[in-house]
Amino acid sequence: MVNFKKLFVVLMVPAILLSDMASLNVKVENEKDDSGKKTVSQAYVDKMNPGWNLGNTFDSFDTGGDRGETSWGNPPVTKELIKAIKDQGFNSIRMPFTSVMRTGDAPDYKIDEEFLNRYAEVVKWALDEGLYVVVNLHHDSWNWAYNIGSDDGDALEKFSALWTQLAEYFKNYPEQLSFEALNEPYFNGETETQLKILDTVNRTFYQIVRESGGMNATRMLLLPTLNTNDSEDRCASLYETIQSLNDENIIATFHYYGYWPFSTNIAGTTTMDATVVSELEAAFDRVYNQFTAKGIGTICGEYGLLGFDKSLGAVEHGEVLKYFEYINYYAKQKNIPLMLWDNGQHMNRTTYEWSDPTLYNTIKASWTGRSSYTETDRIFISGDESSKDITVKMIFNGNRLKSIHDGDRYLVRGEDYLLERDILTLKGSYIESILTDKYGQNAALKFQFSSGADWNLFINRVKKPVAYGAIGDSRGFSFTVNFNGDVLTTLEAAYEDGSGAGPQNWTTYKEYDYAFHVDYGKNKVILTDKFFAETKDGEVYLTLHFQSGEMLKYKIRKIGNRISGSRI
């Protein structure tokens, strides 16, 4: 049966908004006007660059009993944290806000006053520090807002009620505060239907804010693409919406977390290869061509790697650094500011220190230039290579090498290493001098360049890994691996016929920290309950791939919940 009420809501709102907003029209110009000045929205996003997300805080919630900003484990926000973000060089903060568990009943949907006041307190702290702030509705998108356009109109009424309150509350805040309609919006139905619903949502948000008075008449508003995705159809649809609104104080926003197999370490994509780079460039090119080149300021409201949601080790560390170096470089080339997604895994919320200083240093250096690195961040040397020269390719990105040192020892060019164009050769005599009887890391070389972040190259002594022993069942199964100084990059799981076993069986290469993970301290490789939940009974053949290029074969047998294993 056709739901005529929902059709009326979805189809009539855009028409109403177009007629009601005639008095608000302001001409949208090209990227620069005739005098060569930047458009208003482009100048605004430039001032926001770079940005940071206060993730898993005011967007967190607990359906078992709301605990406010601490619902997902982060401590209460302090002034010191906000100051630390500013001191670290960031110019804007996106502060996700979720209304779940924090509103009254229809039709008012009154936001909990205590929660809103606390949220506003942190907003003020950020503004006082000179930061630009983005207020956005966040996890509402997948909790209830996805029903907009497919229910009886209640979800759109709730969305409208929330933004009516937020617009009223913040209407006299300075222009450095901006509003974003909805995080990663999606709805029921085919893509074309969802695009039409998002058009309604964005227009509803726009009209509510613009008609609320105060600074909101010209406040900068961020409108998202569907799913905050960079695809051509989603960008084109949002462009049409923005063009029809004809308002210079509108910013387009999207998110980017990289080429999915690389971002999650699945399907054997363990390095930042040509596909990872081309996918990144294509995404930012699409956004640039659709918005930035036409004068519409655009911001990447979240960026990072999806694997970070599981652990910072899901993607090999050197490849992480190369990825962050390049995305910051390329986004800067396209005049698209980036806002780092941080749910607490990057900036420690109590010590105000970075969990990975090398990642922060790489990001920071990219704000003003490029960084250099070696093709790989780890060299593996077996027993018969202990006195041989080792070569590694350098990627300078316009810089030049200043020094290499191992702790207090500075390597001497011509004696310890050679450099010919982009090929670095570590002399066999130097390699022999640093190797010990210990398997694993024997040296950590720090490379310093004329510009950009330092780079670490680790030297590991290795021999072939060995697997033995097994313990556990389908709730979690592990086997012992003597890594012998090597590092596991990925794991394949296949049935006897060669087809993929476990989750995402379209590939034999399993997702790191989802289907399996590694405990180097205990010399264990662990297959998770998620792996066995999607694995058929019978024999499964595992191939462990190591960073040195070594491979190790192992076989498991599953019968119901019972799991046994043996090396091949």
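All letters in the sequence shown, in the order written, are residues -22 to -1, 1 to 546 by mature numbering (1 follows the signal peptide of the UniProt record, and there is no 0).
For glycine and all other residues, C-beta sits at the position ideal for the given N, C-alpha and C.
Going by beta carbons, Gln66 and Leu105 fall outside the 8 Å limit. Distance from the CA atom of Lys502 to the CA atom of Asp475, rounded to whole angstroms, is 27 Å. Fully enclosed alpha helix (DSSP H) runs of no fewer than 4 residues occupy 169 to 188 of the stretch 154 to 194, in order along the chain. Relative to Ala271, the option among Ile534, Arg535 and Thr17 whose CA is nearest is Thr17.
Its chain contains Leu284, Gly285 and Glu489 as the residues whose beta carbon lies nearer than 6 Å to that of Thr242, once the 5 sequence neighbours on both sides are disregarded; these appear in chain order. Tyr110 is positioned such that its CB atom lies closer than 8 Å to that of Asn69.
Sequence-distant partners of Glu146 (beyond 5 residues in either direction) whose C-beta falls short of 7 Å from its own C-beta, in its chain, are Ser190.
Annotation for Leu258: the continuous alpha helix (DSSP H) segment containing it runs Ala252 to Gln268. For Tyr473, the closest of Ala431, Gln426, Thr521 and Phe436 by C-alpha to C-alpha distance is Thr521. Under DSSP, Ala471 takes part in a beta bridge, and its partners are Leu520. Going by C-alpha positions, Glu512 is about 35 Å away from Glu259. If you ignore the 5 residues before and after Lys441, its C-beta comes within less than 8 Å of the C-beta of Ser360, Gly361, Tyr417, Asn462 and Gly463, all in its own chain and listed in chain order. If you draw a straight line from the Cα of Ile537 to the Cα of Thr458, it comes to about 21 Å.
For Gly127, the closest of Thr369, Thr48 and Thr178 by C-alpha to C-alpha distance is Thr178.
Residue range Ile368 to Ile373 is occupied by the beta strand (DSSP E) that includes Ile373.
Within a 10 Å sphere around the beta-carbon of Arg535 sit fewer than 16 other beta-carbons, which makes this residue exposed. Residue state for Gln426 is assigned as strand, using DSSP reduced to three classes.
Segment contact: the stretch 132 to 152 against the stretch 77 to 96, three or more CB-CB distances shorter than 8 Å; contact assigned.
Rounded to whole angstroms, the gap between the alpha carbons of Ile63 and Glu280 is 16 Å. Distance from the CA of Thr219 to the CA of Leu176, rounded to the nearest whole angstrom, comes to 9 Å.
Per DSSP, Lys536 is one residue of the beta strand (DSSP E) stretching across Met529 to Ile537. Separation of Phe157 and His523 (C-alpha to C-alpha, rounded to the nearest whole angstrom) is 46 Å. Beta bridge pairing from DSSP links Arg356 with Phe436.
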